[in-house]
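Participant: Residue numbers (the working numbering), protein chains in the order written: chain F, 103 to 164; chain C, 103 to 164; chain W, 103 to 164; chain R, 103 to 164; chain D, 103 to 164; chain X, 103 to 164.
Glycine is no exception: its CB is placed at the ideal position from the N, C-alpha and C atoms.
Source: prediction; values computed, not measured.
Pasting a structure here, questions to come.
6 protein chains.
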Amino acid sequence: MPFIQFDGPQMSKEKKAELVAKLTQTAHEVLGIPEQAFSIIIRENSMDNIGAGGKLLSETHK
Amino acid sequence: MPFIQFDGPQMSKEKKAELVAKLTQTAHEVLGIPEQAFSIIIRENSMDNIGAGGKLLSETHK
Amino acid sequence: MPFIQFDGPQMSKEKKAELVAKLTQTAHEVLGIPEQAFSIIIRENSMDNIGAGGKLLSETHK
Amino acid sequence: MPFIQFDGPQMSKEKKAELVAKLTQTAHEVLGIPEQAFSIIIRENSMDNIGAGGKLLSETHK
Amino acid sequence: MPFIQFDGPQMSKEKKAELVAKLTQTAHEVLGIPEQAFSIIIRENSMDNIGAGGKLLSETHK
Amino acid sequence: MPFIQFDGPQMSKEKKAELVAKLTQTAHEVLGIPEQAFSIIIRENSMDNIGAGGKLLSETHK
């Protein structure tokens, strides 16, 4: 712990590596918890599977 | 917020759109929170990845 | 399954009962899955623990 | 309820069945809750999507 | 990783310790992943916050 | 979307505000998604409710 679940769009492996590195560093700096203690799961979602305000993102972002 | 995570089976894009629209409307009516404030993530799961009562759904629903 | 996780604000027991009944009925009608198969967890959150657009809701909703 | 979300690596259907059976039995024995009440979702993750200590598992497990 | 989220009822610290120890050991035996790699979060829920089949557990378990 | 769930220890409101601001900014910079699109839920956990390597953190961090 801490444990971060990140639900976002599809992304490249390079972006995942950068996201994991920087989110971990940022949270470490704010909370003073060692970087080694952090785990992150990135979940990649289709715009068909996300709703905002009652509409699918795949419809509103056309 | 509110934020809804919906774990269900595979479904068509039309069903996803209907589900997002109607769950948002329903929760809006119950809680009085504007529809714009709602986010929903639909997670589609294989029956091989769900257990109920100690058995996979893919076994019990054969 | 399906399984719904609902993150929202504090609410009364009456609202929880109504939310569980109506979300279940709504999803049942959309997907044709029996109501008995649905589980819902309601998580009640302080406005101090929710961020939107980089700000706590307890700050933006003052 | 109880409801278990298990984030792990890719695994065979046989391992999923064994995991669901044994986690359910174990939790039943500890808590005294009937096995029928347990639901489990297994989420299979790529090593590219998991970070530990600021690095992707796909990098540290090379 | 693996990461287990366990949503259950209120329980004593002794039960939490036993649950964490035995779920970790069980999953280790099934998957062959070292026990050190497992994290578990136990979330304790009021029966007012759980719905099954459209009804709160606090109503159906009276 | 994106949606971030952050499971960590108890923390002050000031730390929560800083965490939400900086995680949002960091993820915005990595992914190029507008800050307004991000939601974060902070879940505060007792060390009695977190297990690592089969032991409660409240035991290993004594």
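1) How would you call LYS115/W, buried or exposed, if buried means at least 16 neighbouring beta carbons within 10 angstroms?
2) Based on the DSSP secondary-structure assignment, which residues constitute the bridge partners of GLU146/W?
3) Are three or more beta carbon pairs between the stretch 143-160 of chain R and the stretch 129-136 of chain D nearer than 8 Å?
4) Give the residues from the stretch 122-144 of chain W that approach chain D closer than 9 Å (Cβ to any Cβ), ordered along the chain.
5) Indicate the three-state DSSP secondary structure (helix, strand or coil) for LYS157/F in the structure shown.
6) Whose C-alpha, out of SER148/X, ALA154/X and VAL122/X, is nearest the C-alpha of ALA139/X?
7) If we ignore side chains and look at the alpha-carbon of each, how far apart do ALA119/R and GLU137/C end up?
8) So that I know if they touch, is there some Cβ in chain R lying closer than 8 Å to that of GLY110/D?
9) Please report the Cβ distance between ASN147/F and PRO111/F, rounded to the nearest whole angstrom; I am assuming they are in contact, meaning their Cβ atoms lie under 8 Å.
10) What residue does the alpha helix (DSSP H) around LYS117/X start on, and which one ends it?
11) Can you pull the DSSP bridge partners for PHE105/W?
12) Exposed or buried, THR128/R, counting other C-beta atoms within 10 Å across all chains shown (16 or more means buried)?
13) For GLU161/D and chain W, any beta-carbon pair shorter than 8 Å?
14) Using 10 angstroms around the beta-carbon of THR126/F, count the other beta-carbons present and answer buried if the total reaches 16, otherwise exposed.
15) Please look up how many angstroms separate the CB atoms of ILE106/W and ILE106/C, rounded, as I've assumed it's under 8 Å.
16) Within a Cβ cutoff of 6 Å, which residues of the same chain sit near PRO104/C, ignoring the five residues on either side of it in sequence?
17) Residues of chain D with CB closer than 9 Å to the CB of ALA119/W, please, in chain order.
18) Given that MET113/X touches chain C, what residues does it touch there, using C-beta distances under 9 Å?
19) Give the straight-line distance between the Cα atoms of LYS124/W and THR162/D, rounded to the nearest whole angstrom.
Facilitator: Quick look at the numbers:
1) Counting from 1 along the third sequence, the entry for residue 115/W is found at position 13. Exposed is the call here.
2) By 1-based counting over the third sequence, the position of residue 146/W is 44. DSSP, once it has assigned bridges, lists GLY110/W as partnering GLU146/W.
3) no
4) VAL122, ALA123, LYS124, LEU125, THR126, GLN127, HIS130, PRO136, GLU137, GLN138, ALA139, PHE140, SER141, ILE142, ILE143 and ILE144
5) Residue numbering aside, residue 157/F sits at position 55 when the first sequence is read from its first letter. Reduced to three states, the DSSP call for LYS157/F is strand.
6) Counting from 1 along the sixth sequence, the entry for residue 139/X is found at position 37. Among SER148/X, ALA154/X and VAL122/X, the Cα nearest to that of ALA139/X is on VAL122/X.
7) Here residue 119/R refers to the residue found at position 17 when the fourth sequence is read from its first residue. Here residue 137/C refers to the residue found at position 35 when the second sequence is read from its first residue. So the two alpha carbons sit approximately 40 Å from each other.
8) Mapped onto the fifth sequence, residue 110/D falls at position 8. Closer than 8 Å to some Cβ of chain R, the Cβ of GLY110/D qualifies, so yes.
9) Taking the first residue of the first sequence as 1, we reach residue 147/F at position 45. Taking the first residue of the first sequence as 1, we reach residue 111/F at position 9. Yes, they are in contact, since the Cβ atoms of ASN147/F and PRO111/F sit about 7 Å apart, within 8 Å.
10) Counting from 1 along the sixth sequence, the entry for residue 117/X is found at position 15. Start and end: 115-133.
11) Stepping through the third sequence from its first residue, residue 105/W is reached at position 3. Bridge partners of PHE105/W: ASP109/C and SER141/W.
12) What you label residue 128/R is simply residue 26 of the fourth sequence in a count that begins at 1. Buried: at least 16 other Cβ atoms inside 10 Å.
13) Within the fifth sequence, residue 161/D is the residue found at index 59, counting from 1. Closer than 8 Å to some Cβ of chain W, the Cβ of GLU161/D qualifies, so yes.
14) Along the first sequence, read from residue 1 onward, the residue named residue 126/F stands at position 24. THR126/F comes out buried.
15) For the purposes of this step, residue 106/W is identified with residue 4 of the third sequence, where counting begins at 1. For the purposes of this step, residue 106/C is identified with residue 4 of the second sequence, where counting begins at 1. At roughly 6 Å, the Cβ-Cβ gap stays under 8 Å, so ILE106/W and ILE106/C are in contact.
16) Within the second sequence, numbered from 1, the residue matching residue 104/C stands at position 2. Same-chain partners within the cutoff: PHE140.
17) To locate residue 119/W, count along the third sequence from 1; it is residue 17. Those are ASP150, GLY153, LYS157, LEU158, SER160 and GLU161, listed as they occur along chain D.
18) The residue you call residue 113/X lines up with position 11 of the sixth sequence. Near MET113/X there are no residues of chain C at all, since even the closest Cβ is about 19 Å away, more than 9 Å.
19) Here residue 124/W refers to the residue found at position 22 of the third sequence. Here residue 162/D refers to the residue found at position 60 of the fifth sequence. Near 17 Å, if we compare the C-alpha coordinates of THR162/D and LYS124/W.
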